[in-house]
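Since the structure comes first, as structure tokens, the remarks are kept for the end.
Protein chains: 2
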Amino acid sequence: MTAGAIEFWYEFASTYSYPACMRISRLAEEAGVVIHWRPFLLGPLFHEQQGLNDSPFNVVPVKGEYMWRDLARICDQEGLPLNHPSQFPRNSLLAARVAIAGLDEGWTPSFSRAVYEANFVADQDISDPEVLAPLVAEAGGAPHAALAAAQSDAVKARLKDHVAQARERGVFGAPSFITADGELFWGNDRLEQALTWAVNHTTLEEFA
Amino acid sequence: MTAGAIEFWYEFASTYSYPACMRISRLAEEAGVVIHWRPFLLGPLFHEQQGLNDSPFNVVPVKGEYMWRDLARICDQEGLPLNHPSQFPRNSLLAARVAIAGLDEGWTPSFSRAVYEANFVADQDISDPEVLAPLVAEAGGAPHAALAAAQSDAVKARLKDHVAQARERGVFGAPSFITADGELFWGNDRLEQALTWAVNHTTLEEFA
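For the record, the sequence lines run as chains F and A.
Under the numbering used here, the first residue of the first sequence is numbered 2, with each subsequent residue one higher.
Under the numbering used here, the first residue of the second sequence is numbered 2, with each subsequent residue one higher.
Right, here's the structure in full:
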């Protein structure tokens with residue numbers, strides 16, 4: 002990682018990843034911090050670490066009820082639209098693979114924001130290639146090539162590697178932010194703190 | 002509840018309740034918001050709602066590891082000392098009952114801050130009457146009477162009623178803040194938002 006950089010670990014099914022994804026580019030630019038986009042899947046970690054086969058917000062209804070209200074307040078405050086999805090959590094595997102496919106071409110940030118809007122505003126099925134194709138195009142990618150790449154061994158392996166990296170770094174939820182010196186921050190409400198940490202804790206080696 | 006008021010629901014074994022308890026009086030005074038102190042027990046709710054018999058931070062080690070680091074960063078930022086307790090979570094039943102006993106005499110806020118310092122700074126056993134007695138005295142209460150009252154049916158019933166009220170209000174963690182219009186905010190990191198809400202959402206009836 003370069004100086005003043007953070008890894009942004011996000012999951013397309015994750016509710017709090019939505020405001021984080023919509024805010025991070027603006028806030029990181031203001032702070033002069035580079036973002037490394039790290040789409041991953043939280044399901045395998047939830048299962049391994051907590052024995053969960055569903056969102057904790059479904060497993061514990063009182064937490065789920067609170068989360069939707071808390072998310073609505075956050076979105077209100079940020080001026081972000083929010084519509085409770087008719088399905089939660091949505092299968093995020095294909096969207097994550099497409100986001101991985103876009104990393105080297107640079108359209109992953111725009112595509113990621115569009116996927117969250119599809120899921121949490123337009124109430125669309127983000128596991129449907131026909132939903133994702135126009136989002137790739139709007140983000141500046143080639144939909145047919147991107148959807149083909151999403152099914153390639155290389156992209157599948159890269160997503161698996163993201164999940165493995167997240168596990169190694171102690172990630173257990175999304176969104177998570179990790180600074181160059183390895184500090185982990187969990188939750189949309191830790192984004193500002195993570196950026197401040199990234200600015201204040203860069204080392205000389207990172208400038209090399 | 003009066004105008005511009007919040008209920009502060011806290012549990013003496015809860016790590017994030019420590020910084021919240023140390024900050025709330027200053028921040029509420031600045032905001033002109035009245036605090037209703039609501040010591041309660043989280044254990045029964047954890048058990049009922051999540052099937053837990055231990056702290057989720059012990060049950061899921063990766064979350065526990067993160068929590069202690071996150072708490073250390075928060076305490077650093079707030080200038081609060083922190084020593085990882087040798088026992089976690091500590092039995093908070095007696096301390097909660099003593100805090101209830103102090104409500105009508107007004108020494109509960111000072112006593113509560115002292116209990117958190119005993120648990121999370123001095124690494125003392127807050128279930129020991131000999132640990133709590135001097136904390137009552139320093140807070141302005143009468144230790145012998147307070148410890149006797151803590152074992153009375155009236156105080157036991159009042160603590161049970163606090164737990165029942167917390168359950169009814171949708172509380173599932175600590176600290177929690179509830180405004181006069183029923184908005185629930187969970188976590189030390191929601192304290193400022195809860196106070197702002199309390200200021201902005203008082204109704205005419207509440208001024209009556």
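For every residue, glycine included, the Cβ atom is placed at its ideal position computed from N, Cα and C.
Fair warning: this is a prediction, and the values are worked out from it, not measured in the lab.
If the five residues before and after methionine 68 of chain F are omitted, its C-beta is found closer than 6 Å to the C-beta atoms of Phe58, all from its own chain and listed in chain order. If you draw a straight line from the Cα of alanine 21 of chain F to the Cα of leucine 192 of chain F, it is about 7 Å long.
Residues of chain A with a Cβ closer than 8 Å to the Cβ of phenylalanine 173 of chain F are, in chain order, Val61, Val63, Lys64, Tyr67. In the pairwise beta carbon analysis, the segment 118 to 130 of chain A is classified as not touching the segment 37 to 54 of chain A: fewer than three pairs are separated by under 8 Å.
Annotated three-state conformation of leucine 95 of chain A is helix, per DSSP. Counting C-beta pairs with one atom in each stretch, the segment 104 to 117 of chain F and the segment 71 to 78 of chain F have fewer than three that are closer than 8 Å, which means they do not touch. In the three-state reduction of the DSSP assignment, tryptophan 69 of chain A falls in the helix class, which pools H, G and I. Closest by C-alpha distance to aspartate 162 of chain F, out of F:Asp124, F:Ala138, F:Arg27, F:Pro40, is F:Pro40.
In the structure shown, arginine 159 of chain F adopts helical secondary structure according to DSSP, grouped into three states. Boundaries of the beta strand (DSSP E) harbouring tryptophan 10 of chain F: 6 to 11, taken from the DSSP string.
Within the same chain, Cβ atoms closer than 8 Å to the Cβ of proline 130 of chain F are found at Leu95, Leu148, the five residues on either side in sequence being excluded.
Taking all protein chains shown into account, glutamine 125 of chain A has 16 or more neighbouring C-beta atoms within 10 Å of its C-beta and is therefore buried. Around the Cβ of serine 177 of chain A, a 10 Å sphere holds 16 or more other Cβ atoms; the residue is buried. Shortest Cα-Cα distance from isoleucine 101 of chain A to any of A:Gln152, A:Ser15, A:Leu53, A:Ser18 involves A:Gln152. In the displayed model, histidine 37 of chain A falls within a strand according to three-state DSSP. According to the DSSP secondary-structure assignment, phenylalanine 178 of chain F is paired through a beta bridge with F:Phe9, F:Phe186. DSSP places threonine 16 of chain A outside any alpha helix (DSSP H), giving it a letter other than H or E.
8 Å or more divides the Cβ of alanine 155 of chain A from the Cβ of serine 18 of chain A. Around the Cβ of serine 87 of chain A, a 10 Å sphere holds fewer than 16 other Cβ atoms; the residue is exposed.
By a beta-carbon distance limit of 8 Å, alanine 199 of chain A contacts threonine 180 of chain A. Their separation comes to about 5 Å. By the rule that beta-carbons nearer than 8 Å mark a contact, aspartate 182 of chain F does not touch chain A. In summary, glycine 103 of chain F is buried, with 16 or more beta-carbon neighbours lying within 10 Å of its beta-carbon over all protein chains present. Residue burial is scored here from C-beta neighbours: glycine 142 of chain A has at least 16 other C-beta atoms within 10 angstroms and is therefore classed as buried. Not a single C-beta of chain F is nearer than 8 Å to the C-beta of aspartate 77 of chain A. In the three-state reduction of the DSSP assignment, alanine 143 of chain A falls in the coil class, being assigned neither a helical nor a strand state. Closer than 9 Å at the C-beta level to chain A, one finds these residues of the segment 183 to 194 of chain F: Glu184, Leu185, Phe186, Trp187, Gly188, Asp190, Arg191, Gln194. Rounded to the nearest whole angstrom, the CA to CA distance from histidine 37 of chain F to glycine 171 of chain F is 17 Å. In the DSSP assignment, histidine 202 of chain F falls outside any alpha helix (DSSP H), carrying neither H nor E. Taking every protein chain shown into account, the CB of glycine 107 of chain A has fewer than 16 other CB atoms within 10 angstroms, so this residue is exposed.
Taking the Cα of glycine 183 of chain A as reference, the smallest distance to any Cα among F:Arg70, F:Ser15, F:Glu8 is reached at F:Arg70. Taking each of F:Asn92, F:Ala146, F:Ala140, F:Pro135 in turn and checking the Cα distance to isoleucine 127 of chain F, the smallest one comes out for F:Asn92.
Distance check between isoleucine 7 of chain F and each of F:Pro90, F:Ser15, F:Ser26 places F:Ser26 closest, using alpha-carbon atoms only. In this structure, alanine 14 of chain A places its C-beta atom within 8 Å of the C-beta atom of proline 90 of chain A. Secondary structure at asparagine 54 of chain F: coil, using DSSP grouped into helix, strand and coil. Using a CB distance cut-off of 8 Å, glutamine 51 of chain F counts as an interface residue toward chain A.
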